[in-house]
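Shown next, in structure tokens, is the structure this report addresses.
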Amino acid sequence: MTIKLIAVDMDGTFLNDENDYNRARFAQQFRQLSAKGIHFAAASGSQFQRLVDQFLPFKDQMDFISDNGAIVHARDALLFASEIPHQLVNQTLAVLKQHYPQPMALTTLSGVNRAYVDSETPEPIFQLIKRYYNSLIRLDHLFDVDPATLDDQLVKIAVSFDQTVNTEAVIPEMINQLQPGLSAMNSGFNTEDIGVSGVSKETGLQHLQERYGIQNDEIMTFGDNENDLDMLTMTPHGYAMANAHADVLAKAPHRTDSNNDEGVLNVIDQLLSGSLDV
Numbered sequence: 630m631t632i633k634l635i636a637v638d639m640d641g642t643f644l645n646d647e648n649d650y651n652r653a654r655f656a657q658q659f660r661q662l663s664a665k666g667i668h669f670a671a672a673s674g675s676q677f678q679r680l681v682d683q684f685l686p687f688k689d690q691m692d693f694i695s696d697n698g699a700i701v702h703a704r705d706a707l708l709f710a711s712e713i714p715h716q717l718v719n720q721t722l723a724v725l726k727q728h729y730p731q732p733m734a735l736t737t738l739s740g741v742n743r744a745y746v747d748s749e750t751p752e753p754i755f756q757l758i759k760r761y762y763n764s765l766i767r768l769d770h771l772f773d774v775d776p777a778t779l780d781d782q783l784v785k786i787a788v789s790f791d792q793t794v795n796t797e798a799v800i801p802e803m804i805n806q807l808q809p810g811l812s813a814m815n816s817g818f819n820t821e822d823i824g825v826s827g828v829s830k831e832t833g834l835q836h837l838q839e840r841y842g843i844q845n846d847e848i849m850t851f852g853d854n855e856n857d858l859d860m861l862t863m864t865p866h867g868y869a870m871a872n873a874h875a876d877v878l879a880k881a882p883h884r885t886d887s888n889n890d891e892g893v894l895n896v897i898d899q900l901l902s903g904s905l906d907v
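Using this note's numbering, you'd call the opening residue of the sequence shown number 630 and step up by one each time.
Printed below as a string of structure tokens:
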């Protein structure tokens with residue numbers, strides 16, 4: 630067996646549509662993976678605190694790549710945080726305030742310690758956002774906030790467009806207004822994640838590779854969306870879910886069953902049984 634690290638996206642990949650997974654089955658697999666010295670990492674666009682909550686029984690024995698690679702934890706040790714320079718935060722928020730306010734779009738600021746939405750965010754939407762950001766607070770005048778006053782490091786600006794918005798036209802327009810040094814990637818659910826250019830789930834994995842001495846071809850990855858593509862194609866053992874975006878299905882080396890059919894766990898079973906050619 631040559632696999633030394635397994636990295637899984639969460640929403641649409643490891644988690645089913647009910648925001649859960651087969652906990653008993655995974656617990657059994659996790660024990661076997663640990664016994665074989667195989668590291669397991671959650672690699673998500675959402676925040677570290679949410680990932681820890683989803684893996685409480687295993688949190689002290691696994692790794693976390695959150696906010697699309699902008700934050701990396703080995704167990705509970707913070708390895709890396711890619712803070713967006715304050716000036717770029719301010720410039721981006723000014724654009725979003727002018728052109729993409731609520732209810733057209735909802736802006737969420739994501740930091741190392743917590744995430745932030747505007748105080749005028751309706752309660753039902755606030756509760757929906759908490760599905761992806763467990764540590765979430767409201768801020769008065771979010772678009773005018775001074776990042777230096779937050780006692781946090783902002784690493785991501787998520788812009789979630791309303792279902793009525795023509796995102797095929799609006800998103801490229803928004804991306805064209807980003808300052809040099811910033812880039813955006815789609816994380817599903819009509820959401821564009823803005824962060825420091827060159828930071829991704831692949832670069833997040835590189836921090837873990839350096840820590841553990843693991844090569845690209847010793848990694849197995851799973852994902853379903855654009856923000857997973859780099860880590861799916863960095864290794865010959867990248868798996869797109871059956872429910873993945875068409876572009877992801879076309880570019881990933883392999884595919885597995887859907888998130889609702891436990892596609893990740895099915896492949897892990899094959900790996901553990903020795904029936905998978907790796």
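C-beta: ideal position from N, C-alpha, C; glycine also.
- For the set H770, I843, Q835 and N872, the Cα lying nearest the Cα of D859 is the one of Q835.
- Note that the C-beta distance between N697 and N856 is below 7 Å.
- Spatial neighbours of T750 in its own chain (CB-CB distance under 8 Å, excluding positions within 5 residues in sequence) are listed in chain order as Q731, L735, I758 and R767.
- If you look at E821, you'll find it isn't in any alpha helix (DSSP H); it sits in the beta strand (DSSP E) that goes T820 to V825.
- Secondary structure note for L905: it is in no alpha helix (DSSP H), with a DSSP letter that is neither H nor E.
- Residue pairing of F772 in beta bridges, as defined by DSSP: absent, with no partner found.
- Residue environment: V907 is assigned as exposed (fewer than 16 neighbouring CB atoms within 10 Å of its CB, all protein chains considered).
- Under the three-pair Cβ rule at 8 Å, the segment 765 to 779 counts as touching the segment 711 to 721.
- Sixteen is the threshold: since fewer than 16 other Cβ atoms of the shown chains lie within 10 Å of the Cβ of T793, the residue is exposed.
- Under the 8 Å Cβ criterion, the segment 630 to 649 counts as touching the segment 671 to 689, having at least three qualifying pairs.
- Taking the C-beta atoms as reference points, P882 is found nearer than 7 Å to G867.
- Put simply, of M849, G740 and P753 the residue whose alpha carbon is nearest the alpha carbon of V896 is M849.
- Residue range A744 to D747 is occupied by the beta strand (DSSP E) that includes D747.
- G827 sits exposed, since fewer than 16 C-beta atoms from the chains shown fall within 10 Å of its C-beta.
- The beta carbon of G833 sits closer than 6 Å to the beta carbons of I694, G698 and V701 from its chain, once the five residues preceding and following it are set aside; these are given in chain order.
- Per the DSSP secondary-structure output, S789 pairs in a beta bridge with L735 and T820.
- The beta carbon of M870 is closer than 6 Å to those of T642, D853, S887, N888 and G892 in its chain, skipping five residues each way along the sequence.
- Per DSSP, I804 is not a residue of any beta strand (DSSP E); the alpha helix (DSSP H) it occupies stretches across T796 to N805.
- Rounded to whole angstroms, the separation of the alpha carbons of R884 and H770 is 44 Å.
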